[in-house]
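J.:
Numbering (our numbering), first residue to last: 156 to 371.
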């Protein structure tokens with residue numbers, strides 16, 4: 156009876172670990188919820204955003220912030236706007252079919268002054284924004300910047316356990332800016348769906364050694 160109980164316990168441990176290893180993503184920034192559909196090879200999550208905070212700086216520019224954002228656009232001379240960045244981990248060999256970011260609605264906020272540009276590179280000892288330090292192709296264009304709600308890129312890498320993986324880096328722009336009209340377009344919620352084709356074969360490690368062998 157004891158032997159049977161021990162076998163049942165070991166089998167349960169193996170099944171739990173196999174379940175954990177089958178999860179094809181690893182989040183490196185907060186999101187409100189996740190769903191994973193293995194049959195359709197689809198990852199989905201939703202992210203909410205607070206309304207933008209607008210503060211005037213010492214030079215008369217407007218600083219834009221969103222509490223859920225974890226980085227910002229940093230192209231010199233272009234508007235400095237908040238960005239929500241998220242890195243998702245997939246099995247090496249996965250192929251991205253589509254990435255969709257949908258928002259149910261956007262709000263417009265009219266501002267009275269110009270959104271601050273990202274400072275240009277400065278020489279040692281300089282301070283403040285150099286004169287002419289704006290990208291006129293953007294600041295004199297009657298379009299919203301960035302032109303899209305999101306962007307993404309992929310790259311191979313190694314995870315914390317030394318396994319080769321595919322990283323998908325997603326950038327969502329909760330606030331976009333039209334400098335000619337002085338309008339901020341912002342969203343308070345997005346729904347993200349990522350469709351991918353998983354590799355058909357397991358890794359060399361999984362082929363040579365079972366998970367239960369590693370645990371026991």
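Here a beta-carbon is modelled for each residue, glycine too, at the ideal position from N, C-alpha and C. Quick caveat, the model's predicted, so the values are computed rather than measured.
1. Let me know if residue 329 comes out buried or exposed under the rule of 16 or more other beta-carbons within 10 Å of its beta-carbon.
2. Determine the burial state of residue 352: buried for a count of at least 16 other Cβ atoms within 10 Å of its Cβ, exposed for fewer.
3. DSSP on residue 341, reduced to helix/strand/coil?
4. Determine the direct distance from the alpha carbon of residue 345 to that of residue 354, and round the result to whole angstroms.
5. Do residue 244 and residue 307 have their C-beta atoms within less than 8 Å of each other?
6. Report the partner residues of residue 220 according to the DSSP bridge assignment.
7. Determine the direct distance from the alpha carbon of residue 237 to that of residue 227, and round the result to whole angstroms.
8. With residue 292 as the anchor, note down where its beta strand (DSSP E) starts and where it stops.
9. Of all the options 266, 304, 204, which has the alpha carbon lying nearest to the alpha carbon of residue 221?
10. How big is the Cα-Cα spacing for residue 319 and residue 250?
11. For the beta strand (DSSP E) that residue 353 lies in, which residues bound it at each end?
12. Where are the beta strand (DSSP E) runs, 3 residues long or more, that stay fully inside the segment 245–270, in chain order?
13. Could you compute how far the alpha carbon of residue 347 sits from the alpha carbon of residue 196?
14. If you reduce the DSSP assignment to three classes, tell me which class residue 305 lands in.
15. DSSP three-state label for residue 335, please.
16. Where does residue 291 land, buried or exposed, given buried means 16+ other C-beta within 10 angstroms?
17. Can you list, in chain order, the residues of its chain whose CB lies under 6 Å from that of residue 325, leaving out five sequence neighbours each side?
18. For residue 314, which three-state DSSP category applies?
T.: This is what the structure gives:
1. Result: buried.
2. Around the beta carbon of residue 352, fewer than 16 other beta carbons sit within 10 angstroms, so the residue counts as exposed.
3. Here residue 341 sits in strand by DSSP.
4. Take the alpha-carbon of residue 354 and the one of residue 345: they are about 28 Å apart.
5. When the beta-carbon positions are compared, residue 244 and residue 307 stay at least 8 Å from each other.
6. Residue pairing from DSSP places residue 220 in a beta bridge opposite 208.
7. Whole-angstrom Cα-Cα distance: 4 Å.
8. First-last for residue 292: 291–294, but that is the alpha helix (DSSP H), not the beta strand (DSSP E).
9. With distances taken between Cα atoms, residue 221 lies closest to 204.
10. The alpha-carbon of residue 319 is positioned some 15 Å away from that of residue 250.
11. From DSSP, residue 353 is part of no beta strand (DSSP E); its letter is neither H nor E.
12. Counting only runs that start and end inside the segment 245–270, the beta strand (DSSP E) elements of at least 3 residues fall at 250–257, 262–265.
13. Spanning the two alpha carbons is a distance of roughly 14 Å.
14. Residue state, collapsed to three classes: strand.
15. In this structure, DSSP gives residue 335 a state outside helix and strand, which the three-state scheme calls coil.
16. Label assigned to residue 291: exposed.
17. In chain order, 241, 307 place their CB closer than 6 Å to the CB of residue 325, counting only its own chain and leaving out the 5 sequence neighbours on each side.
18. In the three-state reduction of the DSSP assignment, residue 314 falls in the coil class.
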